[in-house]
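Chemist: Right, I'll just put the structure down here and ask away after.
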Amino acid sequence: MRRITLLLLVLAIGCVLPLASQAGEPIKIGLTAAVSGGSAASGEAIKKGLQIAMDEINAKGLLGGRKLELVIRDDEGNPAKGVTIARELVEREKAVAIFGGLHTTVALAQVPVWHELRTPYMGVWAAGTEITRNGKSPNFVFRVSANDDYVDKFLVRYAADTLKKSKPGLLLENTAWGQSNEAGLNKYLGQKTIKPVGTEKFNWNDPDMSPQLLRLKNAGADHVILVGNAPEAAQVVKSRAKIGWEIPMVSHWGVSGGRFAELTGDLSDGVVFFQTYSFFGKQNERGQYVLKALKDKYGVKGPEEIIAPVGVANAYDGLHLVAVAIEQAGATDGVKLRDALENLKAEHKGLIKTYKRPFTPDQHDALTDEDYVLVVWKGGQIVPVAMK
Amino acid sequence: MIVQLLVTGIALGSMYGLVALGYHITWVTSRTMNFSQGHAVMAGAVVAFAFYVGLGWPLWAAVLATLVILAALGIGLERVAVRPFFRVASPAWLLSTIACGIIAENVAMLTFGKDARAFPSALTQKPILVGGAGFYAQELLIPVVGLFLMGGVQLFYHRTAYGKQLKAVAYNPEAAGLMGIHIPRAVMCAYGLSALLAGIAGVLLAPVLNVAATMGTIIGLKAFAVAIIGGLNSAPGIMVAGLGYGLVESFVAGYLSTGAREIIGFALVILVLVVRPWGLLGSRPARRV
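These protein sequence lines are chains A and B, in that order. Using my numbering, read the first sequence as starting at 90 and increasing by one per residue. Using my numbering, read the second sequence as starting at 3 and increasing by one per residue.
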């Protein structure tokens, strides 16, 4: 009799154990981003945003108490490496959703992999238009970040409608990124029957931009639209002061990172650009929470110390949206998760905005030009600008 | 427009000339050079930044410490990357100095970081505007120091006994050795001097170019082009070529396009190599019969 009881007990434990282990098994979330090299700061920022959101989600648990676990791989901004990592994260690590980094080239190379492996991808930085508009159906690629196409529309709208300027001079970095924005800017300027009076390029590490600016000035430009990263944009601003050209300058978001303020001092005053989110100024509830978490966890004293803030904000909201989708799907299966993301029923109060069905079959960008915040450099700080 | 392009060209050109003098110093002594002279300039800027901004030392102390460290680095470079090959007359110093430059760049990335940082200077706060053209006072300082150093290098090699000894080493190492000149020490000394110069250039350029681990490559390459155009064995030639190169860059960018700038600049190098391989003001090597 005792033996039978024991047997039953063992059987019972044997039945319950797998269930228990399934309930407690972590749900893996992958990240493929550059966490070394020149763009390391972007990867670090994304990591922080994900970690803060993850701590919040794990406090409650998902699907009845399961926790999220982050698996990070460094793609070094190298597309070939990105493809290998994409496979590794899904096939070996069994990650159920993957987050991406700064490089458009890597994100584009990975698009076919997500579709082959049927795993949803959430872009939180790279702004290349074709990443989300990739022609696949069903589309496994989602994004909570800027999209170059919307950015160009946004910049043109500000310059033409708010500033009421009609003679733009384009100043672009001499890369694929600069080129794609040149096309986008011309498209939206064309819709307003505006033609740029000049288009100038600069290379990485160029020390002096005054020849380019002089050409735009002589062509009669009444404002400059700038696409470049912080080090070169800093030289643009310094050269502009040198030739004494007081002119409105509207910029893509490259000037937001990389210590632009330190490099330019007061000379950056008045450079207008956009962000998906600004930690400066009055914060909503989520904003206060994230700022506090950044302080407690990473010793970030204030908004001026957040390097690459858009990475933090986008990643934070992105992971929350994925968590909502996992709950809605009731599973971690890639196809179900993708379907849930595309049809999110619950309204989600995020950091950047309140998401009401952020993704649809035709729209895989949660943020559009309506959500971007116009900001301006002032005394080394990023200050929001009212957009009429 | 012309005035501004002129000012920009002179500022740029004197930077190239200043860096290029570093190639000249070792070439004259040993017919070798540090192909990573640009990285030495970067090292100068990074080390100065570490003392001045990182540790908060006064500027003079930071500059002094930088120069001492750079000279030591130059001597170390000679010992590790040049001497083993100089002795056997192998051109492998070319690769080994490039390797040292790449190592330096990566060490800087690991220790200094990947972001470009500002090197504060009272001379780059506000531009000086004169007759529609503007420049930063720092940009005026660079040609002044550049010309001064060129004069110094010139005097050293032509007027002092030790300078003449260094030159003799390159001309005929065997005879120089027989005349009692310690050849390894002479080459070492030249490398120390060259790196010292890179240190000065680094400190001077930092406020204008900003400090970054990757700042050395382009400036080193363009300075090399300038050294070739001016003539590796002529300090005045190098300064003149530097200014000329800067002016060409600035005017091509101003009147043609930025895209044409590098094409025309480096096409000039090839032209000079074909027409006057010894450089604009360089002396034609004596033909040995």
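C-beta: ideal position from N, C-alpha, C; glycine also.
Out of G166/A, I187/A and E145/A, state which residue places its alpha-carbon closest to the alpha-carbon of D422/A.
Modeler: I187/A
Chemist: In or out: P279/B buried (at least 16 other Cβ within 10 Å) or exposed?
Modeler: exposed
Chemist: Need the endpoints of the beta strand (DSSP E) that H312/A sits in, please.
Modeler: Here the beta strand (DSSP E) through H312/A covers H312 to V316.
Chemist: For a contact defined as C-beta to C-beta under 8 Å, what are the partners of A200/B on chain A?
Modeler: None at all; the shortest Cβ gap to chain A is about 17 Å.
Chemist: Tell me the rounded alpha-carbon separation between G15/B and E219/A.
Modeler: Distance between the alpha carbons of G15/B and E219/A is about 42 Å.
Chemist: Going by CA-CA distance only, name the one from G132/A, P115/A and S128/A that's closest to V401/A.
Modeler: G132/A
Chemist: Report the residue from L178/A, G189/A and V233/A whose alpha carbon sits nearest the alpha carbon of L206/A.
Modeler: L178/A
Chemist: Can you tell me where the alpha helix (DSSP H) holding P168/A begins and where it ends?
Modeler: P168 to R176
Chemist: Going straight from the alpha carbon of I272/B to that of G244/B, what length do you get?
Modeler: 16 Å
Chemist: Over what stretch of residues does the beta strand (DSSP E) that includes L157/A continue unbroken?
Modeler: L157 to D163
Chemist: Alpha carbon to alpha carbon, how far is F226/B from Y25/B?
Modeler: 7 Å
Chemist: Between which two residues does the beta strand (DSSP E) containing I441/A stretch?
Modeler: Segment: none, I441/A is in no beta strand (DSSP E) and carries neither H nor E.
Chemist: Report the three-state DSSP secondary structure of Y210/A (helix, strand or coil).
Modeler: In the structure shown, Y210/A sits in a strand (DSSP, three-state: E or B).
Chemist: Indicate whether L125/B and A135/B have their beta-carbon atoms separated by less than 9 Å.
Modeler: no
Chemist: Flag this pair as yes or no: are the beta carbons of Y159/B and V30/B separated by less than 9 Å?
Modeler: yes
Chemist: Looking at C-beta atoms only, is the number of pairs between the region 314 to 328 of chain A and the region 346 to 366 of chain A that lie closer than 8 Å three or more?
Modeler: As far as the Cβ criterion goes, the region 314 to 328 of chain A touches the region 346 to 366 of chain A, which means the pair count is three or higher.
Chemist: Excluding the 5 residues preceding and the 5 following Q301/A in the sequence, name in chain order all residues of the same chain whose CB lies nearer than 7 Å to its CB.
Modeler: L260, E289 and F291
Chemist: Chain B partners of F291/A, CB-CB under 8 Å?
Modeler: T260
Chemist: State the CB to CB distance for the pair G258/A and A308/A, rounded to an integer number of angstroms; the pair is presumed to be in contact (CB under 8 Å).
Modeler: 7 Å
Chemist: Using a Cβ-Cβ cutoff of 7 Å, what residues of the region 282 to 306 of chain A are near chain B? List them in chain order.
Modeler: E289, K290, F291, N294, P296, D297, S299, P300, Q301, L303 and R304
Chemist: Starting from the N-terminal side, write out each stretch of the beta strand (DSSP E) that is 3 residues or longer and does not extend beyond the region 56 to 97 of chain B.
Modeler: none
Chemist: Determine the closest residue to Y366/A out of W342/A, N223/A and A142/A, with distance taken between C-alpha atoms.
Modeler: Closest in alpha carbon position to Y366/A, among W342/A, N223/A and A142/A, is W342/A.
Chemist: Please state whether DSSP places S110/A in a helix, a strand or coil.
Modeler: Its pLDDT being 46, under 50, S110/A is placed unreliably in this model, and the coordinates cannot settle the point.
Chemist: In chain order, what residues of the same chain lie with their CB nearer than 8 Å to the CB of V176/A, ignoring the 5 residues before and after it?
Modeler: Here residue 176/A turns out to be Arg, not Val, going by the sequence shown. Closer than 8 Å at Cβ, skipping near neighbours: V202 and L206.
Chemist: Select from the region 204 to 220 of chain A all residues with a C-beta closer than 9 Å to any C-beta belonging to chain B, and list them in chain order.
Modeler: none
Chemist: I believe S164/A touches A122/A by the beta-carbon criterion, under 8 Å. Please report the beta-carbon distance rounded to the nearest angstrom.
Modeler: The sequence shown places Asp at residue 164/A, not Ser. Sure, about 6 Å apart at Cβ, within 8 Å.
Chemist: Nearest CA to the CA of V424/A: which residue from T193/A, A475/A, L157/A and P209/A?
Modeler: P209/A
Chemist: Whose CA, out of N212/B, S92/B, V84/B and L234/B, lies closest to the CA of K327/A?
Modeler: N212/B
Chemist: Per DSSP, which residues does G119/A bridge with? Please list them.
Modeler: V160/A and I187/A
Chemist: Inspect the beta-carbon positions of G419/A and L157/A and report whether they are closer than 9 Å.
Modeler: no
Chemist: Determine, using beta carbons only, whether R77/B and A197/B come nearer to each other than 9 Å.
Modeler: Reading off the sequence shown, one finds Ile at residue 77/B, where the question assumed Arg. Yes, Cβ-Cβ distance for I77/B and A197/B is below 9 Å.
Chemist: Would you kindly work out how many angstroms separate the C-alpha atoms of V274/B and L258/B, rounded to a whole number?
Modeler: 22 Å
Chemist: Counting only beta-carbon separations shorter than 9 Å, does E292/B have a partner in chain A?
Modeler: Chain B is shown from 3 up to 291; residue 292/B falls before or after that span and cannot be answered.
Chemist: Where DSSP assigns a beta bridge to G136/B, which residues make up the other side?
Modeler: L131/B
Chemist: Rounded to the nearest angstrom, what separates F137/B and I130/B at their Cα positions?
Modeler: 5 Å
Chemist: So, does the region 240 to 252 of chain A touch the region 270 to 278 of chain A, judging by three or more C-beta pairs under 8 Å?
Modeler: yes
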